[in-house]
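S.K.:
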Amino acid sequence: MRNDKKDDEVAGSNPYARLDKTAVIQEARAFNETPINPRKCAQILCKLLYLFQHGEVISRTEATDTFFAMTKLWNCKDPVVRRLVFLAIKELSVYADDVIIVTSSLMKDMTGREDVYRPAAVRALCRIIDVSMLQTIERYLKQAIVDKNPAVASAALVSTLHILRKNPEFVRRLVNEVQEAVSSENHMVQFHALALLYHIRSSDRLAISKLVQKFSKSGLRSPHAICYLIRIAAKLVEEEEDRSPFQYIESCLRHKSEMVIYEAASAIVRLPNITSGELASAINALQQFCSSPKPSLRFAAVRTLNQISINYPQAVISCNVDLEQLITDQNRSIATLAITTLLKTGAEASVERLMKQISTFVSEISDEFKIVVIEAIRSLCLRYPRKHATMMNFLATMLRDEGGYEYKKSIVDTVITIIEDNPDAKELGLSHLCEFIEDCEHTNLATRVLHLLGREGPTAQTPQRYIRFIYNRIILEAVQVRGAAVTALAKFGAQCPDLRPSIIVLLQRSLYDTDDEVRDRATFYLAVLRKGDQKAVADFILNPLQISVVGLERQTEQYLASGDFSKPFDIKQVPISAQPITASETKKSALSVEAPVKKEEKTKASRQDIYARKFF
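In this note's numbering, the protein residues as written are 1141 to 1756.
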């Protein structure tokens, strides 16, 4: 094996992955050595910073000892060590005592001639300074905000923003210097100054309006500052319903910076009560980004168009040609978003063509992206029920492909939703699900499909075609699946009198099953079916007791704990559970990632269980 190949493998590992906190603190004693070894000290400081960034907590004594040892490194002339010291001071100031003693040294570096140290000294000083000592650094901080060095000015502005949370009154005295920094020629200084000025005036709505009005006319140079101003203007439009800042946001769609154009477009589409004309200008800008050579711009445009299509699908139709070109994009995220957007906005006549395009694309993406596509197909099928056959066949093909549990579950959920919402799709959907459980590796999905077959199969045009698939599960599958299959067969026998003799014969074979629950179910259902009493069949097979499982468990525990078995257990004391909400009653949105179901909605079906917990 070549040595350079081994070196490449070693280079990929993390040299700090197995650091021991105690060992690193012991190594920090090297800071007291004379003369100072810059290379060794730099490595120790990097180890300390790595531990802090990964959540390691050290005791106050250890932090104080390490901090005072670190102060000896101020005599080191190595710039790398000095800059690492500033970073370490910021981290240790949370744990160590008496860190204020380095204030004079930091102020000396802050006002010194070495521009390499000044920004880091400003940040460290503002981090460790006490509120009572802010007056001593006010003059130096004002000078740093308007400093000619952009790094020093940005460091002072950001540090002042952190001080604003502790002492707003102190920061308000620096407004004149902050306003002067907004006119800086450096882009980052202008951005940080505008952000600080906004936070200083955030409690005054009138001052914020004047700020937007002033800088929208003055013309900021920094694209970052303009983006921040767009967000401020959009917030004003949302909170005060004042449409005057909207003109500025719309004018930014013609800016030369792509960052500003996208920020303006995304701000417009998020505004409430937007009109179709106002939305069109933003969509046109996003449409141009769809053909950009930069993947980041294409992704941003498609992602925003995907969000727009949830509430305004008709407005995105004009971009369908550009979105179809992105289906073959090398970036799979862009291609997935393009597909899901087309599925939301596509016309009924283009469904077949879309399915053909997707079929060549789906095999190349991961399960996570496939689930997003499947949920978009669900939305499309609910919108165009007459095209259910095309989409059902496509989903059946996906069911036969390799995939994990969540991927298969999303397909089964989609097929069940289509069956419950569209009666015409029931026969085709049940056939596909029957083929799926022939090779299904997931017990939960197989039992769910069997439950659906027991509920929908007896009312199909030819119910006998499904019995073979159900009986195969009794012979071949696990215990849970065999139990569900026995119950499904019983429902066929209950609702199809012509098939009842055959069902009884099949159930008799389950009387010798190795599992007691399967045997008990088969014995119970055989007794009910042989009796032939329609009321008993309806009560015990078709309409079983809708009782709360939690309530039944608690009542049973109380009955056993009482020790009085002279009275029989009263089932009437168990609360009745709510009927489960079917998929046809609650139509999910096209993308559950973008429109997640709230927790309150998830627990709505089991609120009787919650009441039972409170009562018992």
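Heads up, the beta-carbon is just placed ideally off N, CA and C, and yes, glycines get one too.
None of the values given here were measured: they were computed from a predicted structure.
For Ile1303, which three-state DSSP category applies?
M.R.: DSSP places Ile1303 in helix when its eight states are reduced to three.
S.K.: Under a Cβ-count criterion, where at least 16 other Cβ atoms within 10 Å of its own Cβ denotes burial, should Arg1540 be classed as buried or exposed?
M.R.: Arg1540 is exposed by the Cβ-count criterion.
S.K.: Report the residue from Ile1450, Arg1383, Ser1431, Ile1474 whose alpha carbon sits nearest the alpha carbon of Val1461.
M.R.: For the residues Ile1450, Arg1383, Ser1431, Ile1474, the minimum Cα distance to Val1461 belongs to Ser1431.
S.K.: Let me check understanding here. Comparing Cα to Cα, which of Cys1186, Ser1199, Val1197, Ile1198 lies closest to Arg1222?
M.R.: With distances taken between Cα atoms, Arg1222 lies closest to Cys1186.
S.K.: Would you mind listing the alpha helix (DSSP H) stretches within the region 1149-1177 that are 4+ residues and don't spill past its ends, in chain order?
M.R.: Whole alpha helix (DSSP H) segments, 4+ residues: 1161-1167.
S.K.: Per the DSSP calculation, Ile1687 is bridged to which residue(s)?
M.R.: Beta-bridge pairing links Ile1687 to Ile1716.
S.K.: Measuring alpha carbon to alpha carbon, tell me which residue in Glu1657, Ser1356, Val1456, Ile1423 is nearest Tyr1388.
M.R.: Checked all of Glu1657, Ser1356, Val1456, Ile1423; the closest Cα to Tyr1388 is Ser1356.
S.K.: Just to confirm before moving on: does the CB-CB distance between Ser1550 and Ile1511 stay below 8 Å?
M.R.: Contact: yes.
S.K.: Under three-state DSSP, which class holds Thr1415?
M.R.: In this structure, Thr1415 counts as coil in the three-state DSSP scheme.
S.K.: If contact is defined by three or more beta carbon pairs under 8 Å, each pair taking one atom from either stretch, is the region 1255-1270 in contact with the region 1284-1304?
M.R.: Touching, yes.
S.K.: Rounded to a whole number of angstroms, what is the C-alpha to C-alpha distance between Gln1275 and Arg1179?
M.R.: The straight-line gap from Cα to Cα measures roughly 38 Å.
S.K.: May I ask you to report which of helix, strand or coil DSSP gives Val1197?
M.R.: Reduced to three states, the DSSP call for Val1197 is coil.
S.K.: Report the three-state DSSP secondary structure of Glu1504 (helix, strand or coil).
M.R.: Coil.
S.K.: Would you say Gly1594 and Ala1628 are within 8 Å of each other, going by their C-beta atoms?
M.R.: For Gly1594 and Ala1628, yes; Cβs fall inside 8 Å.
S.K.: Given Met1263, which residues of its chain have a CB within under 6 Å of its CB, disregarding the five upstream and five downstream residues?
M.R.: Before going further, note that residue 1263 is Arg rather than Met in the sequence given. If we look at Arg1263 and ignore the five residues flanking it on each side, its Cβ neighbours are Ala1295, Ser1299.
S.K.: Enumerate in chain order the residues of its own chain whose CB-to-CB distance from Tyr1751 is below 8 Å, with the five nearest sequence positions on each side excluded.
M.R.: Model confidence at Tyr1751 stands at a pLDDT of 45, short of 50, so the residue's coordinates are unreliable and nothing is read from them.
S.K.: So what's Ser1706 in DSSP terms, helix, strand or just coil?
M.R.: Coil at Ser1706, not helix or strand.
S.K.: Looking only at its chain, what residues have a beta carbon closer than 7 Å to the beta carbon of Thr1211, apart from the 5 residues adjacent to it on each side?
M.R.: Hits under 7 Å: Val1242.
S.K.: Given Ile1414, which residues of its chain have a CB within under 6 Å of its CB, disregarding the five upstream and five downstream residues?
M.R.: Excluding residues within five positions, none has a Cβ falling inside 6 Å.
S.K.: With a cut-off of 8 Å on the beta carbons, I'd call Val1400 and Phe1386 a contact; round off their distance for me.
M.R.: Between Phe1386 and Val1400 the Cβ distance is about 16 Å, and since that is not below 8 Å, they are no contact.
S.K.: Exposed or buried, what is Gln1604 when buried is set at 16 or more other beta-carbons lying within 10 Å of its beta-carbon?
M.R.: Classification for Gln1604: exposed.
S.K.: Could you check if Ala1157 is buried or exposed, using at least 16 other CB atoms within 10 Å of its CB as the buried criterion?
M.R.: With fewer than 16 other Cβ atoms within 10 Å, it is exposed.
S.K.: Just to confirm my understanding: we take Tyr1524, look at its own chain, exclude 5 residues before and 5 after, and list those with CB closer than 7 Å. What are they?
M.R.: Around Tyr1524: Glu1488, Val1491.
S.K.: Of all the options Gln1193, Met1531, Gln1695, which has the alpha carbon lying nearest to the alpha carbon of Leu1483?
M.R.: Residue Met1531 is the option with its Cα nearest to Leu1483.
S.K.: Measuring CB to CB, does Phe1501 end up less than 8 Å from Ile1479?
M.R.: Against a cut-off of 8 Å, the Cβ pair of Ile1479 and Phe1501 comes out as a contact.
S.K.: Per DSSP, what kind of secondary structure is Lys1434 in: helix, strand or coil?
M.R.: Looking at Lys1434 - three-state DSSP - the assignment turns out to be coil, as it is neither helix nor strand.
S.K.: Rounded to whole angstroms, what's the CA-CA distance from Leu1445 to Leu1437? Just pull it up for me.
M.R.: Each residue's alpha carbon lies about 12 Å from the other.
S.K.: When the distance is taken between beta carbons, is Ile1370 closer than 8 Å to Leu1409?
M.R.: Note that residue 1409 corresponds to Val in the displayed sequence, not to Leu. No, the pair does not count as a contact, with Cβ atoms beyond the cut-off.
S.K.: Starting from the C-beta of Ala1536, find all residues in its chain whose C-beta is less than 6 Å away, skip the five residues before and the five after it, and write them out in chain order.
M.R.: Contacts found: His1572.
S.K.: Roughly how many whole angstroms lie between the Cα atoms of Glu1725 and Thr1599?
M.R.: Here Glu1725 scores only 41 on pLDDT, less than 50, and its place in the model is too uncertain to base an answer on.
S.K.: Would you list, in sequence order, the uninterrupted alpha helix (DSSP H) runs of no fewer than 4 residues that lie entirely inside the region 1538-1596?
M.R.: Here the runs fully enclosed are 1545-1561, 1566-1578, 1583-1596.
S.K.: From Ile1558 to Met1538, what does the alpha carbon distance come to, in whole angstroms?
M.R.: Each residue's Cα considered, the two are about 16 Å apart.
S.K.: Measuring only the C-alpha atoms, how far is Ala1678 from Lys1671?
M.R.: Using only the alpha carbons, I get a separation of about 12 Å.
S.K.: What number of angstroms, rounded off, separates the C-alpha of Gln1698 from the C-alpha of Leu1682?
M.R.: Going from the Cα of Gln1698 to the Cα of Leu1682 covers about 30 Å.
S.K.: Would the beta-carbon of Tyr1338 fall within 8 Å of that of Leu1346?
M.R.: No.
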